[in-house]
Amino acid sequence: MNKLILEDYDLNMTLLGGQAFCFDYDEKENTYYGVTRDKVIKLKLVGSTRESVLHWQTYPKKNDIDFIKRYLRLDSDYNKILKKIKKDEHVKKAIKKYPNLRLLKQDFEETLLSFLISSNNNIKSIRKIIREMNKRFGKKIKVDGKEFYLFPETEAIANAKLEDLLECKLGFRAKFIKGAANHLLKTNLHKKIINISEDNARSSLLQINGVGEKIADCVLVFSLSFDNVTPLDVWGKRFLVQFYKLNPKMKYADMRKWTGNYFEGYSAWAGQFLFEYIRHTD
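For the sequence shown, my numbering assigns the number 131 to the initial residue and increments by one for each residue that follows.
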């Protein structure tokens with residue numbers, strides 16, 4: 131496996147929290163295995179999260195260092211970000227409880243389809259549904275004697291029968307997943323969206339049936355790396371109301387604007403800390 135110095139990076143909270151759904155931790159091997167649409171990722175952290183050596187490999191294309199750096203967002207100036215978002219006791223407590231939490235940069239198509247599954251769903255259920263979908267529609271790859279199924283190609287979802295998607299326990303989300311896949315193929319949005327502004331990207335996403343403000347913002351943050359966007363699910367709205375005393379009846383767009391102004395360019399990072407903090411705090 132390849133080696134890379136990794137400082138101030140909590141792999142467990144970052145990979146297994148609410149921003150990605152295709153990673154699993156092998157406790158016996160102290161190794162994380164994840165899948166995307168075209169590869170299996172193997173990550174093992176040796177040392178503390180303060181300063182560690184990351185042992186890594188990608189399959190079937192090996193040694194894809196550019197992907198690893200991009201996916202883990204290793205180009206981010208983490209200390210600068212922390213200084214910017216430590217604006218109050220709530221964020222400081224969240225950072226203290228979950229030090230070294232990071233944001234990922236995931237594949238656009240995978241992120242969009244995954245977060246469509248998140249509608250009225252919890253993380254455990256989302257992960258289970260995606261694994262069933264991967265097994266049914268994704269390519270099988272063997273790594274370390276284990277079988278992995280890649281996230282399905284968009285074409286596979288678009289061409290799937292609705293009844294086969296329903297067997298993955300998608301429920302009402304099945305038609306949205308299939309519709310979104312077809313939309314991407316017809317519009318080539320996945321090629322256009324990387325070059326447009328936040329507002330235009332959000333507007334384009336909202337044209338897809340089943341995509342609301344929250345799902346659009348999840349895609350903007352966890353795939354397109356818009357750092358001043360906070361996806362406001364039930365937990366996001368809760369920390370804004372409970373910690374910052376925002377009116378619970380405030381419109382979603384106004385809450386997002388307030389958060390962006392308050393955290394001055396890095397509300398995505400602050401929001402992820404606060405998301406983990408409030409959902410694990412009684």
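From the three backbone atoms N, C-alpha and C, an ideal C-beta is built for every residue, glycine too.
Straight-line measurement puts the Cα of GLU181 at about 43 Å from the Cα of HIS313. Rounded to whole angstroms, the gap between the alpha carbons of LEU404 and ALA224 is 6 Å. For the 7 Å CB-CB criterion, VAL273 and VAL170 form a contact. Looking at the DSSP output, ILE171 bridges to GLY164 and THR188. Across the structure, LYS226 and LEU146 are spaced so that their CA atoms are roughly 19 Å apart.
In the same chain as LEU370, and ignoring 5 residues on each side of it, the C-beta atoms closer than 6 Å to its own belong to LEU376 and MET385, in chain order. The Cβ atoms of TYR392 and ASP357 do not sit closer than 7 Å to each other. Within the region 267-324, the complete alpha helix (DSSP H) segments at least 4 residues long are 284-289, 292-296, 303-317 and 319-322, listed from N- to C-terminus.
At the C-beta level, TRP365 and ARG303 stay beyond 7 Å of one another. Counting only runs of at least 4 residues, the region 346-381 fully encloses the following alpha helix (DSSP H) elements, listed from N- to C-terminal order: 364-374. A distance below 7 Å separates the beta carbons of ILE215 and TRP399.
Under DSSP, GLU137 shares a beta bridge with GLU181. Secondary structure of ASN193 (DSSP, three-state): coil.
Under DSSP, VAL176 forms a beta bridge with VAL183.
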